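**Q**
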Amino acid sequence: MTTADATGEPLDSQGMNYLVTLPRRVVTIYLPLGAFLFVLLFPFYWMAMTAFKPDEELLSHEGNPFWVSNPTLAHVKKLLFDTPYPEWLWNTVLISVVATALSLFCSVLAAYAIERLRYRGSRYVGASIFLAYLVPPSILFIPLATMVYQLNLFDTRLALILTYPTFLIPFCTWLLMGYFKTIPFELEECALIDGANRFQILVKIVLPLAVPGLISAGIFAFTLSWNEFIYALTFVSSSEVKTVPVGVVTELVEGDVYHWGSLMAGALFGSLPVAALYSFFVEYYVSGLTGAVKE
Amino acid sequence: MASRSSTLSRALDNRNLLGLLFMLPAAAVLLLFLTYPLGLGTYLGFTDTKIGRAGEWIGLDNFAFLWGDAVTRLALFNTLFYTTIASIIKFALGLYLALLLNKHLPFKAFFRAVVLLPFIVPTALSALAFWWIYDAQFSVISWVLVKMGLIDRYIDFLGEPWNARFATIAANIWRGVPFVAITLLAGLQTISPSYYEAASLDGASPWQQFRHVTLPLLTPIIAVVMTFSVLFTFTDFQLIYVLTRGGPLNATHLMATLSFQRAISGGNLGEGAAIATAMVPFLLAAILISYYGLQRRAWQQGTTDK
Numbered sequence: 290m291t292t293a294d295a296t297g298e299p300l301d302s303q304g305m306n307y308l309v310t311l312p313r314r315v316v317t318i319y320l321p322l323g324a325f326l327f328v329l330l331f332p333f334y335w336m337a338m339t340a341f342k343p344d345e346e347l348l349s350h351e352g353n354p355f356w357v358s359n360p361t362l363a364h365v366k367k368l369l370f371d372t373p374y375p376e377w378l379w380n381t382v383l384i385s386v387v388a389t390a391l392s393l394f395c396s397v398l399a400a401y402a403i404e405r406l407r408y409r410g411s412r413y414v415g416a417s418i419f420l421a422y423l424v425p426p427s428i429l430f431i432p433l434a435t436m437v438y439q440l441n442l443f444d445t446r447l448a449l450i451l452t453y454p455t456f457l458i459p460f461c462t463w464l465l466m467g468y469f470k471t472i473p474f475e476l477e478e479c480a481l482i483d484g485a486n487r488f489q490i491l492v493k494i495v496l497p498l499a500v501p502g503l504i505s506a507g508i509f510a511f512t513l514s515w516n517e518f519i520y521a522l523t524f525v526s527s528s529e530v531k532t533v534p535v536g537v538v539t540e541l542v543e544g545d546v547y548h549w550g551s552l553m554a555g556a557l558f559g560s561l562p563v564a565a566l567y568s569f570f571v572e573y574y575v576s577g578l579t580g581a582v583k584e
Numbered sequence: 007m008a009s010r011s012s013t014l015s016r017a018l019d020n021r022n023l024l025g026l027l028f029m030l031p032a033a034a035v036l037l038l039f040l041t042y043p044l045g046l047g048t049y050l051g052f053t054d055t056k057i058g059r060a061g062e063w064i065g066l067d068n069f070a071f072l073w074g075d076a077v078t079r080l081a082l083f084n085t086l087f088y089t090t091i092a093s094i095i096k097f098a099l100g101l102y103l104a105l106l107l108n109k110h111l112p113f114k115a116f117f118r119a120v121v122l123l124p125f126i127v128p129t130a131l132s133a134l135a136f137w138w139i140y141d142a143q144f145s146v147i148s149w150v151l152v153k154m155g156l157i158d159r160y161i162d163f164l165g166e167p168w169n170a171r172f173a174t175i176a177a178n179i180w181r182g183v184p185f186v187a188i189t190l191l192a193g194l195q196t197i198s199p200s201y202y203e204a205a206s207l208d209g210a211s212p213w214q215q216f217r218h219v220t221l222p223l224l225t226p227i228i229a230v231v232m233t234f235s236v237l238f239t240f241t242d243f244q245l246i247y248v249l250t251r252g253g254p255l256n257a258t259h260l261m262a263t264l265s266f267q268r269a270i271s272g273g274n275l276g277e278g279a280a281i282a283t284a285m286v287p288f289l290l291a292a293i294l295i296s297y298y299g300l301q302r303r304a305w306q307q308g309t310t311d312k
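So the sequences go chain by chain: A and B. Position one of the first sequence corresponds to residue 290 (the numbering used here), numbered consecutively onward. Position one of the second sequence corresponds to residue 7 (the numbering used here), numbered consecutively onward.
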């Protein structure tokens, strides 16, 4: 058996990766991977650098822009005490948590019914849930805005809590359908014979087994609500009701003089909560992401 | 008492009835806030509704006006350009990154977690970071290029039409590559290593292995991922809104941002809705082409695993 071809070059295959020499690996794997990581992470580094840089350093062409020589908390202080930023944070948390909880409740029932009760027409409903997931918010926001206005919900948190489920429910239902599919029918049959009704089965048997799916759906729904922009921009106009992304973009950008320090601090602290949540639940998040794309 | 509870329990044993009951919350929300607005949006496109004034049916007038409107035509061109270029590059870079991450690496889980960061943080906020990176006076990219002696004055990234187009496309690629890479990586991990062992024992070169083992087996997931990617890119709003608001000279206006500008900022709800409605056929076409096109190729190559 030969492990190298005629030119002496090792064969590069996934199954035989250990045969590839180190210098070659550096050039073909680590160098490009390093370049990717640098580009993908640089904007975050830049956000953090700017947030703690004093204005003189920010607006000077001298010195090394990649480092901060006299770190300052002035921008953070301005953000927290002179702007409604804490209020925006609270709004974002509140809206995201309530919209996520509402969507999970609806999605669990719907996914269980589609996947397990198999009522007449459930296949078509399942397919239309997937299609609903493909409807982008940018074609819905105008009619939704007129509805929000007619329902007297304009400029309220409730407007966002009620509209976010339009993209959360299709996503969560689709994801949970996949999880429910993997739970053996026999468990439910046993419980039915023991006299449990469908609701008891859902709560006591199916849901405990689908906990990973619930976490995936919950985390994903929470970050989607946290990141939502176009609805929050359109349905809300007072500062007290704004969410972080919209507040930072619409209110911290003032006039011609940009306060880059506090702007970047706002972006940084608006990103950190989702990044932290994500770092605790990476596996769930990735399985949610890939699970929603697979069929 | 006993008979009432038994009637109830019998009713709850009926699949269709119980199914209806379970579907009720989700169906209520989706019918009211998704299906109805979809119809309402299409209807509004055929009216002259303004903010604060109910409109009247004016038939195809909005569409006729938009067809002759230079800005709308430019927005359509921009959207197609943005979507095509960004999607192709996102696919190429995403696939490359997925292949890199699929190798045996130390700290593989860590790399995978870090790579996804641009996708999970709010786009509006990371777009602000790009806005700062692209700043005409203090851009760090310009600073580096000047120091390296490659350029002699700062680049106006967002002030020149073509610069702005490519700058926004670059930011979109930055945000989209992680999604493509991580989902394709999940697809790559389902391919059994024994295929590669068999192929390399038969003397297949790395390129041949990629071309004849990886690509065919990955095609179904590529189809789905790219459908999503094209869809998100075509309807992109926040990145453009934050970076350029459609400027300079409408050079970066996409259909979504133009529809927002006309409907919400300009008050012409009917016209904005018509622009949004005009996006639907393109979206359907994109879904059909990328989905069925690639599905059929997978089928022809005999990899129907569905």
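All C-beta atoms, glycine included, are put in the ideal place defined by N, C-alpha and C. The structure displayed is predicted, hence computed values, not measured ones.
Which of the three DSSP states is assigned to residue 59 (chain B) in this structure?
**A** Reduced to three states, the DSSP call for residue 59 (chain B) is strand.
**Q** Hey, is residue 239 (chain B)'s beta-carbon within less than 8 Å of any beta-carbon in chain A?
**A** No, because no Cβ of chain A sits closer than 8 Å to the Cβ of residue 239 (chain B).
**Q** Tell me, please, whether the segment 530-537 of chain A touches the segment 377-393 of chain A by the rule of three or more beta-carbon pairs shorter than 8 Å.
**A** A contact exists between the segment 530-537 of chain A and the segment 377-393 of chain A.
**Q** Can you pull the DSSP bridge partners for residue 53 (chain B)?
**A** Per DSSP, B:63.
**Q** Straight-line CA distance for residue 53 (chain B) to residue 61 (chain B)?
**A** Between residue 53 (chain B) and residue 61 (chain B), the C-alpha separation is close to 6 Å.
**Q** Kindly list the residues whose CB is nearer than 8 Å to the CB of residue 406 (chain A), restricted to its own chain and excluding five residues on each side of it in sequence; keep chain order.
**A** Taken in chain order, the residues that qualify are 487.
**Q** Run through chain B and tell me which residues come within less than 7 Å of residue 559 (chain A), C-beta to C-beta.
**A** Going along chain B in sequence order, the residues near residue 559 (chain A) (Cβ under 7 Å) are 128, 131.
**Q** Any beta carbon of chain C sitting closer than 8 Å to that of residue 516 (chain A)?
**A** Annotation note: the requested chain C is absent from the structure, which comprises protein chains A and B.
**Q** Would residue 279 (chain A) pass as an interface residue toward chain B - the criterion being a Cβ-Cβ separation below 8 Å?
**A** With chain A covering 290 to 584 only, the question about residue 279 (chain A) has no answer from this structure.
**Q** Using a Cβ-Cβ cutoff of less than 7 Å, which residues in the same chain neighbour residue 414 (chain A) once the five nearest sequence positions on both sides are dropped?
**A** Taken in chain order, the residues that qualify are 403.
**Q** In the segment 216-304 of chain B, which residue ranges form an unbroken alpha helix (DSSP H) of at least 4 residues, counting only runs that do not cross its ends?
**A** 221-240, 244-249, 261-266, all fully within the segment 216-304 of chain B.
**Q** Using a Cβ cut-off of 8 Å (strictly closer), state whether residue 154 (chain B) contacts chain A.
**A** No, no contact with chain A.
**Q** Quick check on DSSP: helix, strand or coil for residue 472 (chain A)?
**A** The answer is coil: DSSP assigns residue 472 (chain A) none of H, G, I, E or B.
**Q** Give me the chain A residues within the contact set of residue 73 (chain B), using Cβ-Cβ distance strictly less than 9 Å, ordered along the chain.
**A** Here the premise fails: no neighbours, minimum Cβ distance about 19 Å.
**Q** DSSP on residue 517 (chain A), reduced to helix/strand/coil?
**A** Coil.
**Q** Are the segment 72-87 of chain B and the segment 465-478 of chain A touching by the rule of at least three beta carbon pairs closer than 8 Å?
**A** Because the criterion of three Cβ pairs below 8 Å is not met, the segment 72-87 of chain B and the segment 465-478 of chain A do not touch.
**Q** Which value, in whole angstroms, describes the spacing of the CA atoms of residue 156 (chain B) and residue 142 (chain B)?
**A** Each residue's Cα considered, the two are about 17 Å apart.
**Q** Mind pulling the chain B residues with CB within less than 9 Å of residue 333 (chain A)?
**A** In chain order: 123, 124, 127, 132, 135.
**Q** With H, G and I counted as helix, E and B as strand and the rest as coil, what does DSSP make of residue 507 (chain A)?
**A** Here residue 507 (chain A) sits in helix by DSSP.
**Q** Would you please verify whether the beta carbon of residue 479 (chain A) is less than 8 Å from any beta carbon of chain B?
**A** No, because no Cβ of chain B sits closer than 8 Å to the Cβ of residue 479 (chain A).
**Q** From which residue to which residue does the alpha helix (DSSP H) around residue 407 (chain A) run?
**A** Note, residue 407 (chain A): premise wrong, no alpha helix (DSSP H); not H, not E.
**Q** Report yes if the C-beta of residue 192 (chain B) is less than 7 Å from at least one heavy atom of the ligand NAP; otherwise report no.
**A** This structure lacks the ligand NAP; in fact it carries no ligand of any kind.
**Q** Distance, Cα to Cα, residue 311 (chain B) vs residue 90 (chain B)?
**A** With a pLDDT of 43 at residue 311 (chain B), under the threshold of 50, the modelled position of this residue cannot be trusted; read the value that follows with caution. Going by the C-alpha atoms only, they are around 29 Å apart.
**Q** Taking C-beta pairs closer than 9 Å, name the residues in chain A that residue 186 (chain B) reaches, listed in chain order.
**A** Per Cβ cutoff of 9 Å: no residues; residue 186 (chain B) is ~10 Å from chain A at best.
**Q** State the DSSP-derived secondary structure class of residue 356 (chain A), mapped to helix, strand or coil.
**A** Residue state, collapsed to three classes: coil.
**Q** Would you list, in sequence order, the uninterrupted alpha helix (DSSP H) runs of no fewer than 4 residues that lie entirely inside the segment 438-505 of chain A?
**A** If we require 4 residues or more, the alpha helix (DSSP H) runs fully inside the segment 438-505 of chain A come out as 446-452, 454-470, 474-482, 487-490.
**Q** Enumerate in chain order the residues of its own chain whose CB-to-CB distance from residue 292 (chain B) is below 6 Å, with the five nearest sequence positions on each side excluded.
**A** Excluding sequence neighbours, residue 292 (chain B) sits near 236.
**Q** If we define contact as Cβ-Cβ less than 8 Å, is residue 549 (chain A) a contact residue for chain B?
**A** Yes, because at least one Cβ of chain B sits closer than 8 Å to the Cβ of residue 549 (chain A).
**Q** According to the Cβ coordinates, are residue 315 (chain A) and residue 340 (chain A) closer than 8 Å?
**A** Not a contact, by the Cβ cut-off of 8 Å.
**Q** Do residue 190 (chain B) and residue 51 (chain B) have their C-beta atoms closer together than 8 Å?
**A** Cβ atoms of residue 190 (chain B) and residue 51 (chain B): not closer than 8 Å.
**Q** Using a Cβ-Cβ cut-off of less than 8 Å, give me the residues of the segment 524-538 of chain A that come near chain B, in sequence order.
**A** Of all residues in the segment 524-538 of chain A, 533, 534, 535, 537, 538 have a Cβ within less than 8 Å of some Cβ in chain B.
**Q** State the Cα-Cα distance for the pair residue 317 (chain A) and residue 139 (chain B), rounded to the nearest angstrom.
**A** Roughly 29 Å separates the two Cα atoms.
**Q** For residue 361 (chain A), which three-state DSSP category applies?
**A** Coil.
**Q** Any residues in the segment 391-404 of chain A with a beta carbon nearer than 7 Å to a beta carbon of chain B? Which ones, in chain order?
**A** Per Cβ criterion, the list reads 394, 395, 396, 398, 399, 401, 402.
**Q** Can you tell me where the alpha helix (DSSP H) holding residue 88 (chain B) begins and where it ends?
**A** Start and end: 76-107.
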